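Participant:
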Amino acid sequence: MSNSTMFLIATLLFLSARLTTAGNMNSFAGVCYGRNGDNLPSPAKTVSLYKKINVGGIRLYEPFPDLIVSLQGTGLLVAIGPRNEAIKTLAEEYQFALNWDKTFIAPYKNVAFNWITVGNEVIEGEIGRYVPQAMKNIKAALTEIGNSKIHVTTVISTAALANSYPPSAGVFKPAITELITEIVSILSSTDSPLMVNVYPYFAYASDPSHVSLEYATFRSTSPVVTDGKYQYTNIFDATLDAFNVALEKINHGSVKVYVAETGWPTRGNDPYTSVENARAYNQGLLKKLTTGKGTPRRPNVPVITFFFEMFNEDLKQGAVEQSFGFFDPNMAPVYDMWNIARTSNASPSWVIWTNWVIWTMLITRLFY
């Protein structure tokens, strides 16, 4: 038995023990990691902090080889994508896609790559039309190098919806419906999710007279929106169900919807941005995730979610965009968020589900 095989088996046993004995592990709360800052911690310190706060995944907006090296053997599930600027070439040149996979995926056998996100909010722009073929090329290249189990998807925003209220009226914009349909056809054929960016903060801050703070931040104790037989106490669920309905309307209701980004800034737009509001939103969402429950329309489909983001990034434009981080670059917490991971109790079904995900993912690395 090779050393790498022995290592993966040990990792399987370790992760299984963590998940079954610690029902409080938020295995499917991941956190996004960006590098638009000039004072961020080293990759090793960054990965150590991810492990310390007990999350299950990390999203990278582009390959950072030094960080990927530090992810080896951690068990963190990784979402990673090429830069948007590379999508056209990925679509037009299969060899470029193959080289991308060989450079950033194949060498790192002990990194748990689970999703490759081809494009972040590019569907409505000029690059959008290249996304389907880029996805196909990336997937074919993964298969060629022996990593066919990695999911290939794309990330869209709520701007892709022509209507989202009430959720039953969810529908994609006519101008991109054909493109979205082509993309989700690929997702359906590979059992891959559609990833979306969801920001109740922007809905609230842009229209506070019609969107209540309680509804936006998981603080409503009773339904705010009743849509037929479905009731909603928060915008997050309502938005996801608008996407679910939109998918049903293009005959792809079986495609899962996962969240690639969501968060709340702590400053830059008073009174809508504050530590109190950010804590309420993010902790409220984390509590929801630890139950393993989905949305009102899909209650039995847990929503894999990546919070935005790990660190405040000082090179972003404007105070709001600089202030989504859970930690300052010196690794001091902006507010007390992740202690909830040590005190919440996940239901047995949630623990079983997350256990199954990691076992399945690692076993495929062993035998395929």
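Note that the sequence shown covers residues -22 to -1, 1 to 346 in mature numbering (1 follows the signal peptide of the UniProt record, and there is no 0). C-beta: ideal position from N, C-alpha, C; glycine also. Remember, it's a predicted structure, so these values are computed and weren't measured experimentally.
Which stretch, first to last residue, makes up the beta strand (DSSP E) that contains Y11?
Facilitator: Counting from one through the sequence shown, the residue named residue 11 turns up at place 33. Segment N4 to Y11, the beta strand (DSSP E) holding Y11.
Participant: Quick one: what's got a C-beta closer than 6 Å to T199's C-beta in the same chain, skipping five residues either side?
Facilitator: As a working note, residue 199 is residue 221 in the sequence shown. Closer than 6 Å at the Cβ level, and outside the excluded window around T199, lies no residue.
Participant: Take A140 and list the residues in its own chain whose beta-carbon comes closer than 6 Å to its own, dropping the five residues that flank it on each side.
Facilitator: Indexing the sequence shown from 1 puts residue 140 at position 162. For A140, where only same-chain residues beyond five positions count, the Cβ hits under 6 Å are V149 and K151.
Participant: Among G124, D215, A220 and F289, which residue has its Cα nearest to the Cα of P307?
Facilitator: Along the sequence shown, read from residue 1 onward, the residue named residue 307 stands at position 329. Comparing Cα positions, the closest option is F289.
Participant: Please state whether DSSP places V33 in a helix, a strand or coil.
Facilitator: Taking the sequence shown and counting its residues from 1, the one referred to as residue 33 is at position 55. It is a strand residue.
Participant: Assign K117 to buried or exposed, taking buried as 16 or more other Cβ atoms, counted over all protein chains shown, within 10 Å of its Cβ.
Facilitator: Start at 1 with the first residue of the sequence shown, and residue 117 comes out as number 139. Burial call: buried.
Participant: Does the Cβ of T132 lie closer than 7 Å to at least one heavy atom of the ligand HEM?
Facilitator: The ligand HEM is absent from the structure shown, which contains no ligands of any kind.
Participant: Look up P311 in the DSSP assignment and give the residues it is bridged to.
Facilitator: What you label residue 311 is simply residue 333 of the sequence shown in a count that begins at 1. Looking at the DSSP assignment, P311 forms a beta bridge with F305.
Participant: Suppose you measure from the CA of A57 to the CA of I94; what does that come to, to the nearest Å?
Facilitator: The count along the sequence shown starts at 1 and reaches residue 57 at position 79. The count along the sequence shown starts at 1 and reaches residue 94 at position 116. If I take the Cα positions, the gap works out to 6 Å.
Participant: At which residues does the alpha helix (DSSP H) containing A153 begin and terminate?
Facilitator: Residue mapping note: residue 153 aligns to position 175 of the sequence shown, counting from 1. Unbroken alpha helix (DSSP H) run through A153: P152 to S167.
Participant: At 4 residues or longer, what runs of the alpha helix (DSSP H) sit wholly inside the segment 163 to 204?
Facilitator: Correct list: 178 to 184 and 191 to 194.
Participant: Should the segment 249 to 267 be called in touch with the segment 175 to 185, which here means at least 3 C-beta pairs below 8 Å?
Facilitator: Yes, the segment 249 to 267 is in contact with the segment 175 to 185.
Participant: Pull up the DSSP beta-bridge partners for I105, would you.
Facilitator: Start at 1 with the first residue of the sequence shown, and residue 105 comes out as number 127. None, per the DSSP bridge assignment.
Participant: Do the CB positions of L38 and A90 come within less than 8 Å of each other?
Facilitator: Within the sequence shown, residue 38 is the residue found at index 60, counting from 1. Within the sequence shown, residue 90 is the residue found at index 112, counting from 1. Taking 8 Å as the Cβ cut-off, L38 and A90 do not qualify as a contacting pair.
Participant: Note down, in chain order, each residue of its chain lying with its Cβ closer than 8 Å to the Cβ of F163, except the 5 sequence neighbours on either side.
Facilitator: Reading the sequence shown from its first residue, position 185 is the one you call residue 163. Residue identity check: residue 163 is Ser in the sequence provided, not Phe. Cβ within range, chain order: H230.
Participant: Can you list, in chain order, the residues of its chain whose CB lies under 7 Å from that of residue 347, leaving out five sequence neighbours each side?
Facilitator: No answer is possible for residue 347: it lies beyond the span of the chain, which begins at -22 and ends at 346.
Participant: Suppose the cutoff is 8 Å on Cβ atoms and the five residues either side in sequence are ignored; what does the same chain contact list for T211 look like?
Facilitator: Taking the first residue of the sequence shown as position 1, residue 211 is located at position 233. Y193, F196, S198, T199, S200, P201 and V202, listed in sequence order.
Participant: Specify the secondary structure class of S135 as computed by DSSP and reduced to three states.
Facilitator: Numbered from its first residue, the sequence shown carries residue 135 at position 157. S135: strand per DSSP, three-state reduction.
Participant: Do I31 and G8 count as a contact pair if the criterion is CB distance below 8 Å?
Facilitator: Sequence index remark: in the sequence shown, residue 8 carries index 30 (1-based). Sequence index remark: in the sequence shown, residue 31 carries index 53 (1-based). Cβ distance not < 8 Å, so G8 and I31 don't count as in contact.
Participant: Could you tell me the alpha carbon to alpha carbon distance between A319 and P311, rounded to whole angstroms?
Facilitator: Walking along the sequence shown from the start, residue 319 turns up at place 341. Walking along the sequence shown from the start, residue 311 turns up at place 333. Note that A319 scores 42 on pLDDT, short of 50, meaning its location in the model is unreliable; the coordinates nonetheless yield the value given after this. Roughly 15 Å separates the two Cα atoms.
Participant: Out of W78, S135 and Y72, point me to the one whose CA is closest to E99's CA.
Facilitator: If you number the sequence shown from 1, residue 99 lands on position 121. With distances taken between Cα atoms, E99 lies closest to S135.
Participant: Residues in its own chain within less than 6 Å of V189 by CB, not counting five upstream and five downstream?
Facilitator: Walking along the sequence shown from the start, residue 189 turns up at place 211. The answer, listed in chain order, is A181 and Y182.
Participant: Buried or exposed: G296, going by 16 or more other Cβ atoms within 10 Å of its Cβ?
Facilitator: As a working note, residue 296 is residue 318 in the sequence shown. Taking all protein chains shown into account, G296 has fewer than 16 neighbouring C-beta atoms within 10 Å of its C-beta and is therefore exposed.
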